[in-house]
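Only one structure is covered here, and it is reproduced in the block below.
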Amino acid sequence: MGYLDPIRAYDKETITLELPGDMTIFDIDWFSVYDVQTKEDLGSILISDDLNVPPSLVKVTQHADSLPNCRQLHKDYRMSWEVFGPQITIQLAGNVHEDEYMAFGLSGSDSKSQMQNADVVVTYIEGHQGYAVDYDVSSLAPCVQVLGENKGVCRDDVVGGQDSFQLHTFSRENGINTITFRRMLISPDKNDKEFLLDRSMYIIWAIGRLDSNNEPTYHDIYPKRDIMIAFNTSEPVNDCFSFTRSEANLKDVWEKSQIFDRSIRSFSATLGPAGGKRGYQGITGHVSNGLAWYINGLLVPELWLRRGLTYSFKVRGGNNPHSPEFYHPFVITDEPRGGFDRLSDAKQSEIRVLAGVEFTRRGRPKPTAAGPLCLARHPDNQDRRLDDNFATFKKFNRTLKWSCESGDPATLEITPNSSWPDVVYYNSFTHANMGWKIHIVDSYSASARSGVASILRLDAALVTATILMSLLGGLVSGVWSSARRL
C-alpha cells in the first residue's frame, strides 16, 4: 500500500514526512499525497535524478527477523510469526525505552480492531529478564476490584485463567527490544481467543510505559485504523523495514499550576484527560492512566493549605462502584501515587491515610468521598495522541467538552494539624497516578512557597457556576477559560 496509516487532516500546518527505513530520495521516482477513497491526487511531485541534497541525520538500525513472516505495525514496531503444528511463535521488536512495554493481541471484536475484550500479551524487559504476560481486557482501565471481581486490564492468572504464553528469547540491542514467545493456537484457557487459520483476524497493538509495579499504563502509541493479519500464509509475507531514530524534539511541560490563596477554603474536584507527556506525566514525573484530577479547573495543581483551617473538597469523580473506569473516590494520603484499593495489605499498612477512607470492623478500607461523575472529554474529532501539540494547558482546556451527572457532590472536609506531614497527596482510591501534591504550611508566607515562579489565584465560585451549567444539560466547551482570573 505504501503507507502504514492514513495521514490526518492538516490545516495551515507545516509537516515533515519521513521515508521509511533505509529508503532515500534516490530510491523513488515520484511522491504523492493520495486519497484512496476518492482516488484523487491531492498533490504530487516527480523526483529528479540529479538532486543535490545533504545527507540525512536520521540514524538507521538494521534488524534481522528470525521468523519467516513480518508485518510492520508502526515505524517503531514490528511483529513476526510462524505457525508450526498446533503452535504459533511470535516475535515482537520495537524501538522503545527501557521502561516501556509492547503489547499485541487478538481484537475484542470480529468486525474491527478493538481493545475492549481483547486477548493480549504484554512484553517488556526488566534488567536481565524478559517477560511475555497474558492479559485479559474487560475494560479500558487498570485492573481493579469491582464488587469482588477483577475488571480492567488484568493478568489472566488474576481473573481465574492461566498465562498461556511461553517466553522463548529476549534481547535489547541498540535501543530495540526483541521478544519471542509461543502459544497454542487453541489455548486451554477458556478466556483466551483462538488463532484462526482459515481467515484473516483483526488484531490490536500498543506501546506505553510501565508503572512502578510493571503493569501496563495507558498507551501512548496505538493504531489509527483497523488491522487484519492472515496468520496462515502459503508464502512468506514481509513488509518490514529498518528502524530509524532521529533527534528527539522534546517539548516544554505545560505550566505547573499552584493554588496559593488564603481566601479559598473550598475546592472542586472533577476528572479530565491527563494531557500527554506535557500534561500529567511532565508535571508529576509519573506515568498516567489517561485520567487526572482537575482541581478548580486546573490539571493536578499543587495546593497550599494552612494547619488549623478547615477546607472542603466537592468531589465529582464518579460514585458507581460497578464502573472500572469511572469510579474514583477522593483520598488524601502521605503516598504520592494513589490507588490505595489496588495495593496489598502489606503495602496499605505502610501508608498513612489522612482523609477519604474509613475502615470496617474487619479492617477493610472503605472510601467516603465518592460523588457523581463530572468528566471532561476530547471532542469526537480530536485525537488524544496530539495533546502535546497544544502549547499550553489553557489552550488544551478550551477544546474539552464537559458532561456532569446530576446530584450533589460528595464533600470531604479536612483540618490539617501539627501531625500532618509538610507534603501530602490527593489521589483516587481506585486508580494510581491521578493526583498530586498538597503542601501543609503553618502560615501563608512568602518563604512557604519559595521557588514557585508564578501563582494562580482562582475564583472557586466561577468553577461552581461552570459545573452547574453542565448539570443543567450542556456540554461545556473550554471550561473556565473565559471566566478564569489569572
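When the sequence shown is numbered by the UniProt record's numbering, its final residue is 486 and no position is left out of the sequence of numbers. Ideal placement from N, C-alpha and C gives every residue a C-beta, glycine not left out.
Reference Leu-196, options Gly-160, Lys-39, Asp-110 and Tyr-135, closest by Cα: Asp-110
Ile-204 - containing beta strand (DSSP E), residue span: 201-209
Pair within 7 Å by beta-carbon distance, Ala-93 and Val-120: no
Beta carbon of Asp-442 nearer than 7 Å to that of Arg-307: yes
Contacting residues, own chain, Cβ-Cβ under 6 Å from Thr-180 (five flanking each side not counted): Gln-91, His-168 and Thr-169
Other residues of its chain near Gly-108: CB distance less than 7 Å, five sequence neighbours each side excluded: Gln-114, Met-115, Gln-116, Asn-117, Ala-118 and Val-137
Contact set for Gly-276: own chain, Cβ-Cβ below 6 Å, skip 5 residues either direction: Asp-387 and Asp-388
Where the beta strand (DSSP E) containing Asn-427 begins and where it ends: 423-428
Classification of Ser-44 by the beta-carbon crowding that lies within 10 angstroms, buried from 16 upward: exposed
Gln-281 in three-state terms, based on DSSP: helix
Per-residue DSSP class, three states only, for Asn-177: strand
Residue of Gly-371, Thr-430, Arg-71 and Arg-172 minimising C-alpha distance to Asp-99: Arg-172
Beta carbon of Lys-314 nearer than 7 Å to that of Pro-409: yes
Cβ neighbour criterion (16 or more within 10 Å) applied to Ala-461: Residue placement at Ala-461 cannot be trusted, given a pLDDT of 42 that sits under 50; what the coordinates show is reported in the next sentence. Exposed.
Extent of the continuous beta strand (DSSP E) run through Ser-403: 401-404
Inter-residue spacing [alpha-carbon to alpha-carbon] between residue 491 and Asp-5: Absent from the structure is residue 491, since the part of the chain shown begins at 1 and ends at 486.
Per-residue burial, His-219 [other beta carbons within 10 Å of its own, 16 or more giving buried]: buried
Whole runs of the alpha helix (DSSP H) within the segment 250-333, excluding any shorter than 4 residues: 280-284
From Ser-263, Glu-405, Asn-174 and Leu-147, residue whose alpha carbon lies closest to that of His-97: Asn-174
Span of the beta strand (DSSP E), counted from its first residue to its last, around Gln-87: 87-95
Backbone CA spacing between Ser-349 and Gly-339 [nearest angstrom]: 14 Å
Beta-carbon separation (whole angstroms), Val-53 vs Thr-244, contact threshold 8 Å: The Cβ separation is near 17 Å, so there is no contact.
Length of the line joining the Cα atoms of Tyr-77 and Lys-224: 14 Å
Given Pro-379 as reference, the closest of Pro-372, Thr-368, Trp-402 and Gly-363 once Cα atoms are compared: Trp-402
Residue closest to Gly-152, alpha-carbon to alpha-carbon, out of His-431, Ile-438, Lys-437 and Trp-420: His-431
Where Pro-55 falls, given that 16 or more other Cβ within 10 Å makes a residue buried: exposed
DSSP three-state assignment for Asp-150, whether helix, strand or coil: The displayed chain sequence assigns Asn, not Asp, to residue 150. Asn-150 falls in the strand class under three-state DSSP.
DSSP three-state assignment for Ile-25, whether helix, strand or coil: helix
Backbone secondary structure at residue 491 - three-state DSSP: Lying outside 1 to 486, the shown extent of the chain, residue 491 is not represented and no answer is given.
Outcome for Leu-291 when other beta-carbon atoms lying within 10 angstroms are tallied against a minimum of 16: buried
Range of the contiguous beta strand (DSSP E) that encloses Phe-393: It is not in any beta strand (DSSP E) - Phe-393 instead sits in the alpha helix (DSSP H) that spans 393-398.
Unbroken alpha helix (DSSP H) run spanning Lys-347, endpoints: 345-349
Contact under 7 Å by Cβ, Phe-267 with Val-331: no
Inter-residue Cα distance where the pair is Arg-316 and Pro-324: 16 Å
Burial state of Tyr-10, where buried means 16 or more other Cβ atoms lie within 10 Å: exposed
Where Arg-342 falls: helix, strand or coil (DSSP): helix
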